[in-house]
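See below for the structure under consideration.
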Amino acid sequence: MVVGSQLRLVRRLRHDAPAREAGPPVLSPRADFGFDESLRPALQEALFFQHLYAALSAFFEDETSLALEQVRAAENRSEVAPHHSMPCLLFLGAMTRLRAARALTASEDFGERMEDEIEKRRTHLDSWAKAHPRVASKALLVSGELARVRGNDALASELYARSASAAHAGGQLMVHAMASEFAAIHRHSRAGTESALDHFRQARYLYGFWGAHAKARRLNVADRPQADAGENSNHMRHWGNGVEMDLQTGMKAIQAMSGEIVLEKLVDIVLETMMTHAYAQYGVLLLIRGGKPIVEAVGRTSYGRVLVEAVGIAPTEERLPLAALNRALVCRRLMAFDGSDEALSNGGSALNGRAIHAALCVPLMRHGAMVGLLYLEDRCGTGQLSRERLAILDMLGQHAANSIVTALLYRELVDENERRAETEAALVKARADLARTSHLTVMGGMAASITHEINQPLAAIVNCGGAGRRWLARDVPDIAEAMAAFDQISSAAVRTSEIIHALRALAKQAPASLMPLGIDGVITSVLDLMRVEIEDRGVRMTLSLGTAGKTVVGNRVQLQQVVLNLITNALEAMADTPHDSRELAISSGMVEGQITVAVTDRGSGIDPASLAGIFEPFVTTKHTGMGMGLAICHSILEAHGGTIHATSVPGKGSTFCFRIPRAT
1 MVVGSQLRLV
11 RRLRHDAPAR
21 EAGPPVLSPR
31 ADFGFDESLR
41 PALQEALFFQ
51 HLYAALSAFF
61 EDETSLALEQ
71 VRAAENRSEV
81 APHHSMPCLL
91 FLGAMTRLRA
101 ARALTASEDF
111 GERMEDEIEK
121 RRTHLDSWAK
131 AHPRVASKAL
141 LVSGELARVR
151 GNDALASELY
161 ARSASAAHAG
171 GQLMVHAMAS
181 EFAAIHRHSR
191 AGTESALDHF
201 RQARYLYGFW
211 GAHAKARRLN
221 VADRPQADAG
231 ENSNHMRHWG
241 NGVEMDLQTG
251 MKAIQAMSGE
261 IVLEKLVDIV
271 LETMMTHAYA
281 QYGVLLLIRG
291 GKPIVEAVGR
301 TSYGRVLVEA
311 VGIAPTEERL
321 PLAALNRALV
331 CRRLMAFDGS
341 DEALSNGGSA
351 LNGRAIHAAL
361 CVPLMRHGAM
371 VGLLYLEDRC
381 GTGQLSRERL
391 AILDMLGQHA
401 ANSIVTALLY
411 RELVDENERR
421 AETEAALVKA
431 RADLARTSHL
441 TVMGGMAASI
451 THEINQPLAA
461 IVNCGGAGRR
471 WLARDVPDIA
481 EAMAAFDQIS
491 SAAVRTSEII
501 HALRALAKQA
511 PASLMPLGID
521 GVITSVLDLM
531 RVEIEDRGVR
541 MTLSLGTAGK
551 TVVGNRVQLQ
561 QVVLNLITNA
571 LEAMADTPHD
581 SRELAISSGM
591 VEGQITVAVT
601 DRGSGIDPAS
611 LAGIFEPFVT
621 TKHTGMGMGL
631 AICHSILEAH
641 GGTIHATSVP
651 GKGSTFCFRI
661 PRAT
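So the sequence shown is numbered by UniProt numbering: it starts at 1 and just counts up by one.
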């Protein structure tokens, strides 16, 4: 039953009379069904759909009384209707009553009861639209018709346009076509003949595109007879051939435009598509940028192909007649010019020696806003375009506008991502530069200690060299003492070499080479460099190393840098601590199978707010710090598979502890 009703609706939309083809029987909308109302709900639901489809068929055939009868029959069974079908029933119920009101407005039959019924359905549609945006186009169309019935012409025109825009955005061809049709009827009733014709053409194209060819034909014959002059009946008989072919080509063009998101490629597709459909040999695509039209690209035909040239300049008479452009920008609708039009004959086109037989200006509109405009020239006199083809060009312009807006948004997104990537790369470089600066700053702070450390073995070399010479210069040379002095010289030289090697390794920051090493040796090597500074600051140091014989896999220089940073921070934290309270404790041991190193000071401590992000870059508690030292320590330990954390008691000191997995 439901399938039969659907077939009946489709056949009546496509043909002037129901086809008598073999198939399932279809009950007449006026028939006495003879069904028991106590039948199962599934049958009641089928009856609901039969009445609903019959109402739709009658509505589009302009049989208002039959449509109203079937709508009321469907409404009487609405309690068994599926939830999703309610917006369609509400919409059809309101629109059928409004169509009846169109003929009854002047009489007393259109009273408060019918207006209340319409208003009730409009209110329900508004509620649906809040939860389901696709219903908004239906609610707006009902509101527009209701405003027309109440005599509010300006509001009605606005609501028709909003309904058409919402339906177009949601891909609802039926509602879009209905909005255009009712807008055309309204404009015609207000003596807006030219505007009404545009809306009739749009409605006819949309009904044809939807497949309702019978309805499209009735628009030509019944709804706008004043537009039929010059349209021969032979052309109308072949609507289903030539126009359908144009629609198929148009659909392919829409798919091509919708499938491209790169603006440069989309511009080529739009120009080629529109020039081909308009039989144009020259075309200009303008986009509205900053409120002003800019020539985005120019297309020319050459040996059957469209060649597109990117331009990106303000429009000039050399590119297109500015008078035609300005007129199209003001009117904001498709405009056709013939060769005798002043907009063409007085413009730069004639001065440039171009013979123009006709031209089109196709606005690219989206939600009432002009995205751009297409200027298309016919220089060969290919003939006047049919109204159907003009309607198709207008529709293609709307789809082109949607695709162009999407491509522009995509370009903005790509540009934003590129700027963000450049910013992130600059930030990474800045962090690397700051890390190096921090590293060199630490080295600069060590310069005095290193100088002192080197001076000590150098002084020992000088002294031992002098002593050795004296032992050898005796009347009886003391070879044993001289050899002992020379051994001391050798030890001092080795010590100096180790200090210089450590300094060069820190300065060079060579790529990390991992090897097994003892963490206790790393700590003692750093303390050898820092011992003088520790003593100069009057700090008492407690050293407790408990990982002898245990190793980690790591880079010696990087781990030395971690220990060096932690000790340096501890010394600086005790700068304001009384001399007799300055204590530094360094320990190592095994905790949960990991080698653990702790550095504890008796400084001023760290407040809890700063402690949470102490290992983040650019976070520092020192007036002269850059906030990179601990961040570098965190990165190094993370690369070694380790962790680092800090605890602190404000006013009593802090402990920094790091752990590294033991080598297996």
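In this text, a Cβ means the ideal position worked out from N, Cα and C, and glycines have one as well. In this text the structure is predicted, and so the values were computed from the model without any measurement.
Membership of Met-335 in the beta strand (DSSP E) is indicated by the continuous run 335-338.
With respect to the C-alpha of Leu-307, the residue from Ala-570, Arg-420, Met-275, Asp-153 having the closest C-alpha is Met-275. Arg-659 is not a Cβ neighbour of Thr-600, given a cutoff of 7 Å. Under the three-pair Cβ rule at 8 Å, the region 165-183 counts as touching the region 136-156. Counting only the Cα atoms, Met-86 lies some 57 Å from Glu-318. Taking the Cα of Ser-513 as reference, the smallest distance to any Cα among Asn-555, Gly-93, Gln-560 is reached at Asn-555.
In the pairwise beta carbon analysis, the region 607-616 is classified as not touching the region 582-591: fewer than three pairs are separated by under 8 Å.
The bridge partners DSSP lists for Tyr-375 are Val-284, Cys-361.
In this structure, the CA atom of Thr-64 is about 18 Å from the CA atom of Arg-121. DSSP, read as helix, strand or coil, puts Phe-615 in coil. For Leu-514, the secondary structure class from DSSP, reduced to helix, strand or coil, is coil. Shortest Cα-Cα distance from Ala-278 to any of Leu-393, Ala-166, Val-311, Phe-48 involves Leu-393. Taken through DSSP and simplified to helix, strand or coil, Gly-521 comes out as helix.
Distances from the alpha-carbon of Leu-66 to those of Leu-52, Ser-78, Arg-77, Glu-79 put Leu-52 closest. DSSP places Arg-162 inside the alpha helix (DSSP H), whose first and last residues are 153-169.
Ala-212 and Glu-418 have their alpha carbons spaced roughly 48 Å apart.
Per the Cβ contact rule, the region 515-534 is not in contact with the region 627-644 (fewer than 3 Cβ pairs under 8 Å). Sequence-distant partners of Gly-518 (beyond 5 residues in either direction) whose C-beta falls short of 6 Å from its own C-beta, in its chain, are Thr-551. For Leu-545, the pairing in a beta bridge is given by DSSP as Ser-588.
Closest in alpha carbon position to Leu-320, among Glu-377, His-579, Gln-488, is Glu-377.
Comparing alpha carbon positions, the residue from Asp-528, Ala-609, Tyr-375 closest to Ala-646 is Ala-609. From the listed residues Gly-653, Arg-77, Gly-171, His-399, the smallest Cα separation to Ser-258 is found for His-399. Using a 10 angstroms sphere on the CB of Lys-252, the tally of other CB atoms stays under 16, which defines it as exposed. Cβ neighbours of Leu-360 within its own chain (closer than 6 Å, five residues either side excluded): Ala-278, Ala-336, Leu-376. Within the model, the alpha-carbon separation for Gln-70 versus Ser-403 is close to 41 Å. Residue range 136-149 is occupied by the alpha helix (DSSP H) that includes Gly-144. Assignment of Ala-482 by DSSP, reduced to helix, strand and coil, places it in the helix class. Where Ser-581 is concerned, there is no enclosing alpha helix (DSSP H), because DSSP gives it neither an H nor an E. If one requires a minimum length of 3 residues, the beta strand (DSSP E) runs lying completely within the region 293-335 are 305-313, in chain order.
Phe-486 and Met-590 have their C-alpha atoms roughly 42 Å apart. At a Cβ-Cβ threshold of 7 Å, Ala-169 and Leu-266 do not count as neighbours.
The straight-line gap separating the alpha-carbon atoms of Ser-302 and Leu-173 is approximately 37 Å.
Counting the other CB atoms within 10 Å of its CB gives Asn-76 a total below 16, which places it among the exposed residues. Linking Ser-654 to Arg-602 through their CA atoms gives a straight-line distance of about 7 Å. The DSSP-derived three-state label of Ile-606 is coil.
Under the DSSP assignment, Ser-189 falls in the alpha helix (DSSP H) whose first and last residues are 173-189.
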